[in-house]
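Protein chains: 2
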Amino acid sequence: MTTLYGYFRSSAAYRVRIALNLKGLAYDQAPLNLVQGEQLAETNLARNPQGLVPSLITDEGVTLTQSMAICEYLDERYPEPPLLPEDITERARVRALAQVVACEIHPLNNLRVLKHLVGELGVDEETKLAWYRHWIAEGFQALESLLTAEAGTGDFCHGDTPSLADICLVPQVYNAERFECDLSAYPTIQRISANCRALPAFQQAAPEAQPDAR
Amino acid sequence: MTTLYGYFRSSAAYRVRIALNLKGLAYDQAPLNLVQGEQLAETNLARNPQGLVPSLITDEGVTLTQSMAICEYLDERYPEPPLLPEDITERARVRALAQVVACEIHPLNNLRVLKHLVGELGVDEETKLAWYRHWIAEGFQALESLLTAEAGTGDFCHGDTPSLADICLVPQVYNAERFECDLSAYPTIQRISANCRALPAFQQAAPEAQPDAR
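These protein sequences, in sequence, are chains G and P. What the first sequence shows, in the UniProt record's numbering, is residues 1 to 214, in sequence order. What the second sequence shows, in the UniProt record's numbering, is residues 1 to 214, in sequence order.
Here it is, written out as C-alpha cells:
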C-alpha cells in the first residue's frame, strides 16, 4: 500500500494528494503535525533527512521526497490520465507554470520561513503578513500574465484537462485565501481554480477533507 | 540559433548554461544586468512576464522560462547524454535532489529576496548574510545527509555521470562560496562539486567565463 506522510495544510502534501487522486490511486495517510514540529522527529528524519513533508512510501517500499519529483514519478509510473501534455514544448510550458508556484512563491511563504521571520528576524505579525502577501502578489501577477497571454490556457492552466500546473496552483490559491490575500486582480487564476475545485480529485485532496484537519 | 537571456551570476541561468553545454548545443547569450534591473524592462517583460531570468529562445523561436522546465525540455528534445536516469525511481531521486536546491535553498537566497529583505524589512548587512547562510546550512545539511545515506550517490549526485541534480548543485555551491559560507560540514557536496568543476561543460558555464562577467 502506498503511504503519504503529510500534513493537511502543507501545500506540498496537498499537491501530492491531488496527483494521487487524479491517477485514481488508493493511499494511506500518516499525518505529521508541522506546527508541533513532528517532521523534525528522529523517525521522520530517518525517512526524510530534509525534515520536511511530504514523503511518499510507494507500494514497492521506496521512499520518495519533494512533491514535484513525486508527481513526475506518479506520472511516469501511471501514465493515465497524464499530468503533462505529450508535446515537449507544451510540457515545458506546464512545468514552467508549476514552477512559478513551486520555485518562486511557495518556498518564500511556507511555515518554516514564516517561523524564521518571526523567531530569528523578530518581525511582527503585520510585517509577516505583508511578506506573505508580497510574494503572492509578485507570483500571481506573473502567473496571471502568462495565463492570459499564452494560447495554451483553457479551462485549466493548460488546455481542458488538469495538469501539474493546476496541481500546484490550487494549493497556492488555498493558502492565499487563508492569509486573506486580495485575489481580485487575478481573474484567470480564480476561474481555473474554481474549475479545478469542481472536480472530486481536488475536493478530496483539500485540507479540510483530511483526517488530521482540525 | 538558440538564445539564452541570462546573467552571469544568476544561479538559474548558470543551470541552463551547464545543461546546454552537457548536451553540446551552441547558443547565443543575451545578458540582462539583474543588479541594474534590466530583467524588469518592458522588452524583457514581453518575453518573460515573470521579470526573471533565464529565458531560452529555442531554434524554433519558442520562448521557454523557468530553469528546471528548460533543463527537462532540453533533455526531452536532445536525449544524449541524458540528464536523468532511465529508471523511474532513480529519476525521482535525481529530481528530488535537484529540488532540494531549486525549491528549498535558492528561492530564499536569490537577489530579489535579498533586496526585499534590505529594502522593505530594513535588515542590516549582517542579518542579510545570516539569512543567506541559514538557508544554505539547512539545505546543504539535508542534501549532505541524502547524498551520504543513499546508495545512488557516486562520483556525481547520482552515479558516475552528471545529472540534473549536479546542474543545480554546482551553481548553489558557487553562490555559497561567494557569500563565504562555511562548507566544511559537507564533504560529499564538496567532492561532487569538484568532480563537476573538472568537466569543460561546467567550466564553460561558470559565471567568470561569461561575456557579461565583470
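Heads up, the beta-carbon is just placed ideally off N, CA and C, and yes, glycines get one too.
The closest CA to that of residue 166 of chain G, considering only G/145, G/134, G/199 and G/149, is found on G/199. Contact between the segment 109 to 117 of chain P and the segment 73 to 93 of chain G is not established, with fewer than three Cβ pairs separated by less than 8 Å. The beta-bridge partner set that DSSP reports for residue 57 of chain P consists of P/3 and P/63. Residues of the same chain with a CB within less than 7 Å of the CB of residue 171 of chain P, apart from the 5 flanking positions on each side, are 11, 14 and 15 in chain order. When the five nearest sequence neighbours on each side are left out, the beta carbons in the same chain lying within less than 6 Å of the beta carbon of residue 173 of chain G are those of 193, in order along the chain. Around the CB of residue 35 of chain P, fewer than 16 other CB atoms lie within 10 Å, so the residue is classed as exposed.
Contacts with chain G at 8 Å (Cβ-Cβ) include residue 95 of chain P. DSSP, reduced to helix, strand and coil, places residue 51 of chain G outside both helices and strands of the structure shown, so it counts as coil. Per DSSP, reduced to three states, the secondary structure at residue 36 of chain G is coil, with no helix or strand assignment.
Scanning its chain for C-beta atoms nearer than 7 Å, with the 5 sequence neighbours on each side dropped, one finds around residue 148 of chain P the residues 188, in chain order. Contact check for residue 73 of chain P and residue 47 of chain P: beta-carbon distance about 16 Å, past the 8 Å limit, so the pair fails to qualify.
Counting along the chain, the unbroken beta strand (DSSP E) around residue 30 of chain P starts and ends at 28 to 31. In this structure the segment 60 to 68 of chain G does not lie against the segment 149 to 169 of chain P, because fewer than three pairs of beta carbons, one per stretch, are closer than 8 Å.
For residue 161 of chain P, the three-state secondary structure derived from DSSP is coil. Chain G places no beta carbon closer than 8 Å to that of residue 114 of chain P, leaving this residue out of the contacts. Rounded to whole angstroms, the Cβ separation of residue 44 of chain G and residue 7 of chain G is 11 Å, and the two are not in contact under 8 Å.
With respect to chain G, the C-beta atom of residue 142 of chain P has a partner C-beta closer than 8 Å. Contact with chain P is absent for residue 1 of chain G, since none of that chain's Cβ atoms lies less than 8 Å from the residue's Cβ. Between residue 75 of chain P and residue 85 of chain P, the C-beta spacing is not below 8 Å. Residue-level contact check: residue 92 of chain P touches chain G, since one or more beta carbons of chain G fall below 8 Å from its beta carbon. If you check the CB distance, residue 39 of chain P and residue 211 of chain P do not come in under 8 Å. Looking at the backbone, the Cα of residue 183 of chain G and that of residue 155 of chain G are separated by about 18 Å.
Taking the CA atoms as reference points, residue 197 of chain P sits about 6 Å from residue 203 of chain P. In this chain, the alpha helix (DSSP H) harbouring residue 113 of chain P covers 111 to 119.
Note on geometry: alpha-carbon atoms of residue 62 of chain G and residue 42 of chain G lie some 19 Å from one another. Around the CB of residue 152 of chain P, 16 or more other CB atoms lie within 10 Å, so the residue is classed as buried. Residues of chain G whose Cβ lies closer than 7 Å to the Cβ of residue 146 of chain P are, in chain order, 49. Not flagged as an interface residue toward chain G: residue 42 of chain P, since no C-beta distance is shorter than 8 Å. With respect to the 8 Å criterion, residue 98 of chain G and residue 168 of chain G are classified as neighbours on the basis of their beta carbons. Residue range 187 to 197 is occupied by the alpha helix (DSSP H) that includes residue 190 of chain G. Within its own chain, the residues whose Cβ lies closer than 7 Å to the Cβ of residue 105 of chain G, once the five positions on either side in sequence are excluded, are 135, 136, 139 and 172, listed in chain order.
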